[in-house]
Structure formats: structure tokens, C-alpha cells
Amino acid sequence: MDEGNRYKYQDVTWEGHTLYETEDLANALNLEKGDYFSQSSFQEAFQGVQSLYMDRGYLYVNIEPFFTPVGEDSVNIHFSITENNQVYIRHINISGNEKTRENVIRRELDIFPGDLFRRALMERSIRKLHVLNYFDPTSLSPNVIPIDEDEIDLDITLQEKSSDKASANIGFTGIYGMTGGANVEFNNFQGRGQVLSVGFEVGTQMSVMNNYGTPGKYESFNIRFMDPMFRDTPNRIGFSIFYTFRGQGNSYYFYPFDQRSRGASIQWGRRLKWPDDYFRAYWEMTVRKAEYMGDDEILNQYIGSFRESTGISLKQSISRDSRDRAEFPTQGSRATWESTFSGGILGGDENYHKHVLTLDWYTPTFWKFVLTSSLKVGTIRMLNTGGDNFAYIPPYERFIMGGNGIPYGTMLRGYPDNAVGPTTSQGRSIGGNTMLKYTTEFRVPFSENPVVYGMLFAEAGGVWNDTRLMQSLGFPRRYPLELKRSAGIGIRFFMPMIGQLGFDMGYGFDDITGDGNPQGWEYTIIFGR
1 MDEGNRYKYQ
11 DVTWEGHTLY
21 ETEDLANALN
31 LEKGDYFSQS
41 SFQEAFQGVQ
51 SLYMDRGYLY
61 VNIEPFFTPV
71 GEDSVNIHFS
81 ITENNQVYIR
91 HINISGNEKT
101 RENVIRRELD
111 IFPGDLFRRA
121 LMERSIRKLH
131 VLNYFDPTSL
141 SPNVIPIDED
151 EIDLDITLQE
161 KSSDKASANI
171 GFTGIYGMTG
181 GANVEFNNFQ
191 GRGQVLSVGF
201 EVGTQMSVMN
211 NYGTPGKYES
221 FNIRFMDPMF
231 RDTPNRIGFS
241 IFYTFRGQGN
251 SYYFYPFDQR
261 SRGASIQWGR
271 RLKWPDDYFR
281 AYWEMTVRKA
291 EYMGDDEILN
301 QYIGSFREST
311 GISLKQSISR
321 DSRDRAEFPT
331 QGSRATWEST
341 FSGGILGGDE
351 NYHKHVLTLD
361 WYTPTFWKFV
371 LTSSLKVGTI
381 RMLNTGGDNF
391 AYIPPYERFI
401 MGGNGIPYGT
411 MLRGYPDNAV
421 GPTTSQGRSI
431 GGNTMLKYTT
441 EFRVPFSENP
451 VVYGMLFAEA
461 GGVWNDTRLM
471 QSLGFPRRYP
481 LELKRSAGIG
491 IRFFMPMIGQ
501 LGFDMGYGFD
511 DITGDGNPQG
521 WEYTIIFGR
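Heads up: the sequence shown at position 6 corresponds to 6 in UniProt numbering, and the numbers run straight through without jumps.
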């Protein structure tokens, strides 16, 4: 077989263009003289020129390339352009939404009847429907129906999928052993796009018993409601009511006393138009009553003289989400900045300010493989309350890390639950006020409906007190890098009426017990997160 010579791009010329200058077309084409020709790269470049016209309503633009060989290894390209008329949208027809109300769909669209057709806005509208996670992503492909040379109809045919979760479950954690409960979560309640969740969970580790605490008991109950676009406006409202009892577990990597908390929260938020319409912001006010029970000597190590406290906090969250899909993103990014202010002028006993930055970004590679990276940084500090008031940070707000992160920590695979971070003199986890974690995953999809994918992962993280984050990063240089590192494999399933299921096997490369040996292999089970 004779493959022939490889050809390079030589000169590119244009005719028939009145809307754009030659330089604008060349920039959109983005082919460099001397680059080797390939069908895939040329098709991508060709679509870039088409997009220039289609984003200004020229749906029927006709662009014909003509290739002329030059010598034995080069080719000239001449583009003949017939721009034709601009096209307007007459109707947008939506079908297949048996449960979801039509207004919930239309409020996500950036294109409207009477508008000039713009392909970029149409693609963004479809992306927003993807992220809702109410519909099968393989069905979200609008059809263009020509009416005449100046008008079209858009037909959007949907295939709904279940985004609700209703389950009775039995699980296992290294802290509380066997757990069981039930949870009902409607992510598209009554087809209105609202979220309603009611759940409870209990667990008991019978091997734990002492004179001061409850034997590894765990109870949780919560009700949560959220309307992301109240009355079809960009305003978000919501509330929650919660109760939790956490008995001391049998692990050294958890607090050795019982905790009970109850409270409620309300929130208001808004979709933003600036800096762009990927931004969201919301504010949440929470009132919480907490009680701590156990041995006084142990309690004094963790929370001083407090045995109960009242927390009144205000949290601000600003996020930007440009992911193309909710369950298996292939491109885009998500960034979230959360700041919580508790106590001070708000009142209560818990006086602190907490800040957490989370960055996730997704990069398509070859075939269907996706490279995912994530960075999370957090800090919490006491407020200077002045006078005789004692600045107090509750245990459940401190940073803890390791395992699957349950109940309120940060996941770090390859290590036991809550095992990474500061400890008492007896080796028990106490939590820290500074946290850093970085994760990278190489994902491959096995199924699109339901979504199933596998991964290779590597991650590193740490929790410190005071300024150890900067010290661990080399400021000043005399401090060593103290991140705990791991790598491994995992799999995720997104099952209807259940949610996310996952299993990971991670190898911890670093020592957490002081014996100088790597932590070794640890498995992590993820359920519904």
C-alpha cells in the first residue's frame, strides 16, 4: 500500500464574504501555513468559520472549500462563500416532558421566538438543560425545521429520566459500623424544578461502651426544600430543619464524646448576569443548638468549658458552573467560594469566620477519556469577640480529612476515616483550622444511561492548625511538605431512585501512625454523594 505524500497547508484565499474581513475569517479558521493537513483538524477549523456566520443568524451560509495541490507536498485552499439571508426563530416546540412543566424548561433557554438564530445561544441553552439532570443527555438534540428562507422552527424533543431518589439503605462506615435509614429526595418536585428532601439514618457500633458516652450511636433526621427559580424569577429560596446525634465511635480518628445538634436554616439566592450568566450567589442564615456529653477531662481538651452552645451564622456562597453535564462532565469548570460568619454581632456562643474555595475543571482528552482536576482550600479562625466572651469554634466546623469524609469531613482515599490532621496526645483526631487538598482523576465512561464510569486517581491533602499550610508549602523552607498522598482505582454508578454509588481502592503512600510505614491499601464506599 502506498500512502503517498503528507501535504502541508500553503495559501488560503476567500471570495464572496461581505460581512467579515479576510483577517477575521483567517483568525476563525486558525490554520497555520506549513502545518500538516488532517481531515479532523480541517473539519474543526471549517466549523469555526461556520460558527461566525451562524452566531449572527446566517443559518444557511454556504462555504465551499476548493483544494489545489502545489508541488508534491503542499496544498492551497480557496473558500467560496454564499452568505444568504439571516434567519429568525418563529416557534420553539417542546415535547416529551411528561412530568416537567414547560415553564421549567423554557426559563433555561437563552433563545426565544422572534429572535435572530444564534447557534452559540442554542448550544448554551441545551447545556443548561443538560445540567438540570432531568433528561437523558443523548436525547437533547434540537431539530431545525425550515419554514421559509427567513424563518425556522426549533423542535426540542426530550426524554425524561428519574432524578429523584427514594431508598431504604444499609451501609457501613469505619466510625459507626452498620448504619441504616431511609431518604426521599425529589430533585424535580411535582415537575416544578424544586428540591424536596426528607431523610433519617441510624447506626450503632455495639463494640463501643464506656461510662460516659453512648455506644457508637448515630441518628440523623433532616427536611430540606429549595426552589432554584422562585415564580420563574432568578431568585432562589429554601429552608432546612435538621437533628443529629453522634455518639463516640470506636475509631481513634473521631471525637471521643457524644454530640447532639438541632437547628434550622433559611436561604435566598440569585442567578447573576455579571461577570457572566454562569455565576450564582446565595446567602443562608442558620441557627443551631449543640450539646456535648462525655468525660469532662476529655471534653476540656476539645471544647474547653463548653457543654452546650448556640450558633447563629450567615453564609455567603458565590459559584460559577460551566460544566456541560451534571453526572459525567466532559468539559467546563466549577468554582465555589463559601464564607461563613458566626457569632459576633449575630449573637450566640460560636464565634468564628470560615472560608472554603473549591475549584473543579474538566478536560476532554482522547476518545471519551476525561481528565478531572480538583483543588480545595479552607481556613477557619476565631473571632475576636472582646470583653469576657470566649471565642469558640464548634468541633463539627473544624476541618477533618480521610476515608469517605462522612459525616462532615473531606474525602481522602487511601486513609481511614478522619485520620488525617492534628491529634491529641492520645492520638485522637481533633480537627484543624486549615485544609488543602488536590485531586486528579482520569475517567472513562462505560455507560451513558445510566451513567457508569471508571477512574484512575491520585490525590494529596492535609489538615493543620495555625499557619502550617504555608509552612508545609515551603514558607519558610525549613518546614517539610506534609501532604498525605494516595493513588488508586474506582468506579461510579448513577442509578435511578438511588443516586450515586461508588467503590474506590486507594493506596496511602504516607505514614499516619508514626511507625514509618506507608498506610497501604484502604477501600472507600460512596453512597449518595
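All C-beta atoms in this analysis are idealised placements derived from N, C-alpha and C, irrespective of residue type, glycine included.
Could you pull out every residue in the same chain whose Cβ sits closer than 7 Å to the Cβ of residue i, ignoring the five residues on either side in sequence?
i: Phe328; result: Pro445, Val451 and Tyr453
i: Pro228; result: Gly193 and Arg236
i: Val75; result: Tyr7, Tyr9, Gln10, Phe37, Phe67, Thr68 and Pro69
i: Gly174; result: Caution is warranted here: a pLDDT of 49 is assigned to Gly174, below 50, making its placement in the model unreliable, and the coordinate value is therefore given only provisionally. Hits under 7 Å: Ser251, Gly403, Pro416 and Asp417.
i: Ser423; result: One point to set straight first is that residue 423 is Thr, not Ser, in the sequence displayed. Cβ neighbours of Thr423 beyond the five flanking positions: Ser429 and Ile430.
i: Glu397; result: Tyr352, Lys354 and Ile380
i: Phe509; result: Arg485, Ser486 and Pro518
Would you grab the beta carbon distance between residue i and residue j for me? Rounded to a whole angstrom, and I think it's under 8 Å.
i: Tyr9; j: Gly48; result: Not quite, the Cβ-Cβ distance comes to about 15 Å (not below 8 Å), so this is no contact.
i: Met382; j: Ile400; result: In fact, because the Cβ distance is near 18 Å, the residues do not count as touching under 8 Å.
i: Leu314; j: Trp283; result: 7 Å
i: Gly414; j: Gln301; result: Incorrect: roughly 28 Å between the Cβ atoms, too far for contact.
i: Lys99; j: Asn188; result: 7 Å
i: Pro416; j: Glu522; result: 6 Å
i: Phe457; j: Ala487; result: 7 Å
i: Lys161; j: Pro496; result: 7 Å
i: Gly263; j: Thr286; result: 6 Å
i: Phe239; j: Ser265; result: 7 Å
i: His78; j: Thr13; result: 5 Å
i: Gln259; j: Pro364; result: Between Pro364 and Gln259 the Cβ distance is about 44 Å, and since that is not below 8 Å, they are no contact.
CB-CB under 8 Å to residue i, same chain, minus the five flanking residues each way: which ones, in chain order?
i: Ser95; result: Asp155, Ile156, Thr157 and Leu158
i: Arg107; result: Met229 and Asp232
i: Phe112; result: Ile89 and Ile92
i: His130; result: Pro137, Leu140, Asp324, Arg325 and Ala326
i: Glu102; result: Ile94
i: Ile489; result: Gly454, Met455, Leu456, Phe457, Asp504 and Met505
Helix, strand or coil, according to DSSP, for residue i in the structure here?
i: Lys354; result: strand
i: Ala45; result: helix
i: Lys484; result: strand
i: Asp360; result: strand
i: Thr18; result: coil
i: Tyr392; result: coil
i: Asn433; result: coil
i: Arg119; result: helix
i: Thr138; result: helix
i: Ala419; result: coil
i: Lys217; result: strand
i: Gln519; result: coil
i: Phe230; result: helix
i: Ser80; result: strand
i: Arg307; result: coil
i: Arg192; result: coil
i: Leu299; result: helix
i: Met505; result: strand
i: Gln159; result: coil
i: Asp24; result: helix
i: Ser342; result: strand
Based on Cα-Cα distance, which residue from the options lies nearest to residue i?
i: Gly421; options: Asp150, Tyr523, Val463 and Pro256; result: Val463
i: Glu185; options: Ile512, Met226 and Val104; result: Met226
i: Pro256; options: Ile318, Ser429 and Arg320; result: Ser429
i: Phe503; options: Thr363, Glu102, Ile491 and Gly247; result: Ile491
i: Asp511; options: Glu102, Tyr20, Arg485 and Val104; result: Arg485
i: Phe200; options: Ser240, Thr244, Gly191 and Leu272; result: Thr244
i: Ile152; options: Asp321, Gln86 and Gln39; result: Gln86
i: Ile145; options: Glu219, Leu29 and Tyr60; result: Tyr60
i: residue 536; options: Pro142, Arg307 and Gly427; result: Residue coverage of the chain in this structure runs from 1 to 529, which leaves residue 536 outside it and unanswerable.
i: Ile318; options: Ile303, Ala335, Thr310 and Ser305; result: Ala335
i: Phe306; options: Arg246, Asn30, Asp110 and Gly348; result: Gly348
Using C-beta distances below 6 Å, list every residue in its chain close to residue i, excluding the 5 sequence neighbours before and after it, in chain order.
i: Glu64; result: Ser80
i: Lys376; result: Thr358 and Lys437
i: Phe341; result: Leu314 and His353
i: Ser373; result: Trp361 and Thr440
i: Asp277; result: none
i: Asn62; result: Thr82
i: Leu196; result: Phe186, Phe189 and Phe225
i: Asn210; result: Reliability of the predicted coordinates at Asn210 is poor, the pLDDT of 42 falling under 50, and the value obtained from them is presented with this limitation in mind. Counting only Cβ-Cβ distances below 6 Å, and skipping sequence neighbours, we find nothing.
i: Gln316; result: Trp283 and Ser339
i: Asn133; result: Ser163 and Ala326
i: Trp337; result: Ile318 and Leu357
For residue i, decide whether its Cβ has a neighbour in chain B, counting only Cβ atoms nearer than 7 Å.
i: Met455; result: Note that chain B does not occur in the displayed structure, where there is just one protein chain.
Checklist entry - Can at least three beta-carbon pairs, one atom from the stretch 323-340 and one from the stretch 289-298, be found at a separation below 8 Å? => result By the Cβ criterion, the stretch 323-340 is not in contact with the stretch 289-298, since fewer than three pairs of Cβ atoms, one from each stretch, lie closer than 8 Å.
Checklist entry - Is the stretch 349-368 touching the stretch 408-424, taking contact as three or more C-beta pairs under 8 Å? => result The stretch 349-368 vs the stretch 408-424: no contact.
Checklist entry - Using 8 Å as the threshold, is the stretch 115-131 in touch with the stretch 50-59, meaning 3 or more CB pairs across them? => result Per the Cβ contact rule, the stretch 115-131 is in contact with the stretch 50-59 (3 or more Cβ pairs under 8 Å).
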